[in-house]
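Below: the structure, in structure tokens.
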Ligand SMILES: Nc1ncnc2c1ncn2[C@@H]1O[C@H](COP(=O)(O)OP(=O)(O)OP(=O)(O)O)[C@@H](O)[C@H]1O
Ligand SMILES: [Mg+2]
């Protein structure tokens, strides 16, 4: 036992190139396992969070709101948009059979000018009827959002003053929300009263107001609907689309399933790429170990001359593979953390999918898993090739000239 | 310790004209005398190394048994047999056998590190290296040694666990006359202390140190002294 460890350490030191090669291969395995799993899990988390965030069965928007700046864009990617439907349309939607609850949301884009701190999407919710935004706010803020308060998404920087300016008026930042991995992270939320006041300020400040012909007091940008038990979501959606003009109703599920289809495809692709790299690295590892043990036949025979048992030879090979594998795996995981964490924003933009980093404990679990998989791949292939050469008559190996 | 072989044969596969295997060693009964130097001489290819390897517990015979103090070595499981070999049989193999990742001193100490305790082993190693006149090389890596230096290193290595049985396959093949005499005197001394020493050799001079001499011919062992 002592000897096996002692000897393998000596060996690794005396053969730095060989050691580095083995470590590098295991590094590659750990890197692909960890990054692949990390991205896939983040995408799945993103979808879950997004689904929970929406909390509605149907989303209704003005017919003009499709395309760029649609609800999907705003919620998923934070693309800004202004569009409104009048109060009477909202009432018609609310009166549709099968609608159990409906809540208004009012979208307003802040201008990138001296009047405002930055250009963001402002989303107004109705505290009396809301079932989508407030539960989320409640996760990080126990108070109620008062008039004049705003709540900001995780990606909005909070100035030290705790205040933020929109259309010439300062607002108190009451809370900062938990990250969702979607465009909501770069939005600002306020109750309907506050947002309507902002809209009035905007109308007077902007040369071309987005509110011409809109009754700010009753209009809404989106209606979130909960369908009553016993009614089908599709049926209610169709009813709204057929009977109410100038609006477009979409089942939330189909918005999500679009995403989740994209997600399934993307996850599968990432999984396949990771699996291919992984498999290649393992195959190379098997070949390298086979070549190495071939090259080491004579060495093993010499150890046998001294009275080393087969078990001891396996232990030497196993120890080397474990130590080099552990070094490679740790470096691989550190490198992939360094690569994936800062890049998660770009990954999100590139894939156009909600991307939500898992909790720390999941990351740690993932790292431990990647470590175990990589080190055991290394140790198992080493033991396999050790077994292959030691089951032969080792005395005959002494004749091999190396 | 008694080392005794009974009906040992060893065949090898080899592509020949009419058969594809032949006997390198024919049925051999042999007992190594304790406290004596025994020598086996014979032409090249006659089966000496094959026999020495089997006696060392290193090469599994095709048939027959090898008894170490009555224990059938080849009936034991690998680990048990390896430990017994390590403790009781010192083997100097034919050919160059150094571990390249270890220095000369570490090479010599390696068998001691495997199963036993190391007490006093380093001093013993240095003493044998001194006696083999290579103590100044003890921190050199073994791949930097000459053939004769390697040979002397492997002799010291075979003796490090103070084995009762020493089997040396052409231990003086690549040594000059003075060093040869040195090695043979060492073996003589160990035999006088009670060890059983077996030397495989071509050397004429070795005959003077031997108590018993055998000849190997085509895998058949016969006593000539
Ligand atoms: N692994 C092997 N496979 C096939 N044939 C072998 C093997 N080992 C030995 N032989 C053959 O067995 C015979 C005896 O070999 P051995 O090495 O015992 O001879 P030796 O007497 O030690 O010769 P030398 O004096 O040259 O060392 C030889 O003919 C050799 O070719
Ligand atoms: Mg020989």
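Protein chains in written order, with the working numbering: chain A, 37 to 438; chain B, 2 to 226. In this text, a Cβ means the ideal position worked out from N, Cα and C, and glycines have one as well.
Rounded straight-line distance, which links the Cα of residue 162 of chain A to that of residue 301 of chain A: 37 Å
8 Å Cβ cutoff, residue 346 of chain A in contact with chain B: yes
Residues proximal to ligand 2 by C-beta, any heavy atom closer than 7 Å: B/49, B/50, B/95, B/170, B/171, B/201
Closer than 7 Å: residue 45 of chain B CB and nearest ligand 3 heavy atom: Ligand 3 is not part of this structure, which contains only ligand 1 and ligand 2.
Residue 59 of chain B beta carbon near ligand 1 (any heavy atom closer than 7 Å): no
CB contact check: residue 39 of chain A to chain B, cutoff 8 Å: yes
C-alpha distance - residue 225 of chain B paired with residue 213 of chain B, whole-angstrom precision: 8 Å
Between the CA atoms of residue 191 of chain A and residue 411 of chain A - distance to the nearest angstrom: 38 Å
Residue 161 of chain A - DSSP class collapsed to helix/strand/coil: strand
Cut-off 6 Å between Cβ atoms - residues of its own chain near residue 12 of chain B, not counting five sequence neighbours on either side: 22, 24, 63
Rounded straight-line distance, which links the Cα of residue 246 of chain A to that of residue 273 of chain A: 28 Å
Short-range partners of chain A found in the region 102-115 of chain B, where Cβ spacing is below 7 Å: 102, 103, 111, 112, 114, 115
Status (buried if at least 16 other CB within 10 Å, exposed otherwise) for residue 364 of chain A: buried
Per-residue DSSP class, three states only, for residue 223 of chain B: strand
N-terminal and C-terminal residue of the beta strand (DSSP E) that residue 99 of chain A is part of: No beta strand (DSSP E) contains residue 99 of chain A, which DSSP labels as neither H nor E.
Inter-stretch contact (C-beta, 8 Å, three-pair minimum) for the region 70-83 of chain B and the region 141-154 of chain B: no
Residues in the region 356-369 of chain A having any Cβ partner in chain B nearer than 8 Å: none
Contained alpha helix (DSSP H) runs [length at least 4] in the region 328-397 of chain A, N- to C-terminal order: 333-341, 346-387
For residue 30 of chain B, the first and last residue of its enclosing beta strand (DSSP E): 22-33
Beta-carbon proximity check, residue 239 of chain A vs residue 120 of chain A, cutoff 8 Å: no
Nearest-angstrom Cα separation, counted from residue 423 of chain A out to residue 67 of chain B: 26 Å
Local conformation of residue 205 of chain B per DSSP, three classes: coil
Cβ neighbour criterion (16 or more within 10 Å) applied to residue 270 of chain A: exposed
Closer than 7 Å: residue 336 of chain A CB and nearest ligand 1 heavy atom: no
Integer Cβ distance of residue 39 of chain B from residue 199 of chain B, believed to fall under 8 Å: 5 Å
beta-carbon residue 15 of chain B near ligand 1 non-hydrogen atom, thresh 7 Å: yes
Contact check, residue 59 of chain B vs residue 341 of chain A, beta carbons under 8 Å: yes
Closer than 8 Å to chain A by CB, residue 10 of chain B: no
Any chain B beta carbon closer than 8 Å to residue 42 of chain A: yes
When B/116, B/209, B/92, B/106 are compared against residue 172 of chain B, the one with the closest alpha-carbon: B/92
Contact with chain B by residue 46 of chain A, beta-carbon distance below 8 Å: yes
Cβ neighbour criterion (16 or more within 10 Å) applied to residue 297 of chain A: exposed
Chain A residues whose Cβ lies nearer than 9 Å to that of residue 147 of chain B: Correct list: empty, because the minimum Cβ distance to chain A is about 17 Å.
Residue 65 of chain B - DSSP class collapsed to helix/strand/coil: strand
Given residue 92 of chain A as reference, the closest of A/137, A/58, A/71 once Cα atoms are compared: A/137
Check whether residue 33 of chain B and residue 166 of chain B have beta carbons under 8 Å apart: yes
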